[in-house]
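Be aware that the sequence shown starts at 403, since it is given in our numbering, and climbs by one per residue. Using N, Cα and C, we set each Cβ at its ideal position, and we do this for glycine too. In what follows, a structure is listed as structure tokens, so that the remarks can point back to it.
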Amino acid sequence: SDHLLEYPISPSHMDWHKLYPALIPSEAETSASSTDEAKQVDIVDIGCGFGGLLVSLATEFPDKLILGMEIRVQVSHYVEDRIIALRQQHATEGKYKNIAVLRANAMKFLPNFFKKGQLSKMFFCFPDPHFKIRKHKARIVTSTLASEYAYLLRPGGIVYTITDVLDLHQWMVRHLEAHALFRRLPKEWEDEDPCVKIMRKDTEEGKKVERNKGDKWIACFVRLDQPE
Ligand code: SAM
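Okay, structure coming up:
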């Protein structure tokens, strides 16, 4: 449970070198050498499951650091092993060094990991639906959490959502549209965006829905500069 989860007391206390050893210098290396701004996580996949989205995003955004957050221990271990194997298989091209997974409860500690305005994209792919009304507060998009996501995203940043549960789709749209710092993007934008394509076809859950010929509901929101 949560009390066993490790999280830093602030973003600057996090050891990112452990997750991106080839791209982020260790503390010892940093203090010995340059004063350059360290590379930071830019894209997060909340509830990343088995990591299909991460793997596709790695090559779509080779210059960005991408992080999957997953609450289940075994699942996060599986993704860790998957990334290590990919890094080894593609060692000569140096691929997959820019993705990592962290076991975390994304509903609780996000501001401990990321600074204000740090993120450019947040993905919510097939989040758990929590069907029962008394469980709705456990949904990953709520008014309170929408404010937290607005805090973490920079202006122009995007929240991506996809689900096969219509009720959850409507819930996420309602809560994000009601927020003064988010505006829903039109279908034409979705049709052009490469990440929408990736989240439709490369997440494990998306593939399952495809096999079962289920619907996929998508909604994307831009983080505004000023409240509307
Ligand atoms: N996004 C993946 C996909 O599309 O294939 C997985 C979808 S799965 C239905 C939902 C995932 O979210 C599960 O792996 C679950 O363990 C994870 N999850 C649920 N609540 C979470 C939380 N508070 N923090 C991090 N992960 C969470």
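Residue i and residue j closer than 8 Å at C-beta
| i | j | result |
| --- | --- | --- |
| Pro529 | Thr565 | yes |
| Gly451 | Thr605 | yes |
| Leu459 | Ile600 | yes |
| Tyr409 | Phe511 | yes |
| Ile396 | Asn514 | As shown, the chain starts at 403 and ends at 630. That puts residue 396 outside it, with no answer to give. |
| Ile501 | Ile468 | yes |
| Gln520 | Gln442 | yes |
| Lys618 | Val624 | no |
| Leu407 | Ala506 | yes |
Neighbour-count burial assignment, residue i, 16 or more Cβ in a 10 Å radius
| i | result |
| --- | --- |
| Ile426 | buried |
| Arg556 | exposed |
| Gly454 | buried |
| Leu456 | buried |
| Val481 | buried |
| Ser388 | Nothing about residue 388 can be reported from this structure: the residues present for the chain run from 403 to 630 only. |
| Lys499 | buried |
Cβ-based neighbour list, residue i, same chain, cut-off 6 Å, excluding 5 preceding and 5 following
| i | result |
| --- | --- |
| Gly449 | Pro529 |
| Lys466 | Asp444 and Ile445 |
| Ala548 | His577, Leu578 and His581 |
| Val523 | In the sequence on display, residue 523 carries Lys and not Val. Taken in chain order, the residues that qualify are Ile445 and Ile560. |
| Trp418 | Ile426 |
| Lys518 | Tyr553 |
Same chain, Cβ closer than 8 Å to residue i, neighbours up to 5 away in sequence not counted
| i | result |
| --- | --- |
| Cys622 | Ile560, Val561, Tyr562, Thr563, Arg586, Leu587, Trp591, Glu592, Asp595 and Val598 |
| Ile542 | Ile448, Gly449, Ala508, Met509, Phe526, Pro529 and Asp530 |
Terminal residues of the beta strand (DSSP E) in which residue i lies
| i | result |
| --- | --- |
| Pro656 | Nothing can be reported for residue 656: it is not among the residues displayed for the chain, which extend from 403 to 630. |
| Phe584 | Phe584 to Arg586 |
| Leu626 | Note, Leu626: premise wrong, no beta strand (DSSP E); not H, not E. |
| Cys527 | Leu521 to Cys527 |
| Met416 | Premise fails: Met416 is in no beta strand (DSSP E) and is neither H nor E. |
| Leu568 | First-last for Leu568: Leu568 to Glu579, but that is the alpha helix (DSSP H), not the beta strand (DSSP E). |
| Arg474 | Counting along the chain, Arg474 falls outside any beta strand (DSSP E), and DSSP gives it neither H nor E. |
Straight-line gap, residue i to residue j (C-alpha atoms, nearest Å)
| i | j | result |
| --- | --- | --- |
| Phe516 | His415 | 10 Å |
| Leu583 | Ala552 | 7 Å |
| Leu554 | Lys615 | 35 Å |
| Ala493 | Ile485 | 12 Å |
| Lys539 | Met471 | 20 Å |
| Thr461 | Pro423 | 18 Å |
| Thr631 | Met574 | Examination of residue 631 is not possible in this model, given that the chain is present from 403 through 630 alone. |
| Pro464 | Gln490 | 16 Å |
| Leu488 | Leu421 | 14 Å |
| Arg347 | Lys603 | Nothing can be reported for residue 347: it is not among the residues displayed for the chain, which extend from 403 to 630. |
| Ala440 | Leu626 | 26 Å |
| Glu431 | Val567 | 47 Å |
| Pro413 | Thr546 | 20 Å |
| Glu630 | Lys589 | 21 Å |
| Gly558 | Asp483 | 33 Å |
| Gln476 | Gln572 | 31 Å |
Neighbourhood of residue i by C-beta distance below 7 Å, restricted to the same chain and skipping five residues each side
| i | result |
| --- | --- |
| Glu607 | Gly451, Cys527 and Phe528 |
| Ser428 | His419 |
Unbroken alpha helix (DSSP H) run spanning residue i, endpoints
| i | result |
| --- | --- |
| His616 | One point to set straight first is that residue 616 is Gly, not His, in the sequence displayed. Looking at the DSSP string, Gly616 is not in any alpha helix (DSSP H), and its letter there is neither H nor E. |
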